[in-house]
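Sequence positions in the sequence shown follow this note's numbering and run -10 to 163.
Remarks on the structure that follows.
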Amino acid sequence: MTNKEDYVAYLEENKELLTTFKNHNTLTYFRIANLIKVLNYILESKKIDKIYETIFDVGFSFLHATVEEIKSYLDIYFNNDYEAFIKQELYVNYILILDDLRLSIKEQTTLDEEDEEHIIKMQETLEGYLKKGKDVPKKVYREYQDYVQTLSNKYSNVRLTVEVFEEIHDKLMY
């Protein structure tokens, strides 16, 4: 299992970011809130079996990758200004969803090259709007939604990492 101290230290290292996003009820925090609850639940468990170890390792790895990606966007596009980030976080979340979708499909099945290129192009388009500090036009937003739905239908057996941890959360907490 990943070192408990590494996880606790990582949360402490990112406490300002996580607390700010939590206090502002952001989509960014909502995306990882139940994942953090699952990881904390496992750490507080008296007995950590192989299944819990695997869940913890995969979850911490995903949390780390997600938070680092968020921090990267916060730095590159918002000059570490939380308020500016929060105003545009919807678009960052679109990018994170596309990334999670792309990686989940690749891990669970074969992602068509055309689909991967389209996902990357959509991410780059969204990043272009972030770079300019502009809202994404409704037309682009609809295209995004339609394409994510198309991918969800095409790869219907694929579950996003975030969805898996939502299910784990629901089973552990209720």
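Cβ atoms here follow ideal geometry from the backbone N, Cα and C, with glycine treated the same way.
Beta-carbon proximity of residue i to residue j, cut-off 8 Å
i, j, result
"ASN3", "VAL47", "no"
"LEU16", "GLU78", "yes"
"TYR18", "LYS26", "no"
"VAL125", "TYR136", "no"
"PHE74", "LEU63", "yes"
"LEU52", "ILE21", "yes"
"LEU161", "ASP104", "no"
"VAL151", "ASP89", "yes"
"TYR144", "LEU115", "no"
"ASN29", "GLU155", "no"
"LYS120", "TYR66", "yes"
Exposure of residue i, with buried meaning 16 or more beta-carbon neighbours within 10 Å
i, result
"ILE84", "buried"
"SER93", "buried"
"LEU43", "Here the sequence assigns Thr to residue 43, which means Leu is not the residue at that position. That one is exposed."
"MET111", "buried"
"TYR(-4)", "buried"
"ARG148", "exposed"
"ARG131", "exposed"
"THR8", "exposed"
"ILE157", "buried"
"ILE31", "buried"
"ILE109", "exposed"
"ILE59", "buried"
"TYR133", "buried"
DSSP-derived helix/strand/coil call for residue i
i, result
"LEU90", "helix"
"ASN146", "coil"
"LEU7", "helix"
"VAL27", "helix"
"GLY122", "coil"
"ASP101", "coil"
"ILE37", "coil"
"ASP70", "coil"
"HIS13", "coil"
(message) Taking contact to mean 3 or more Cβ pairs, one atom from each stretch, closer than 8 Å, check whether the stretch 27 to 42 and the stretch 95 to 104 are in contact.
(response) Segments in contact, no.
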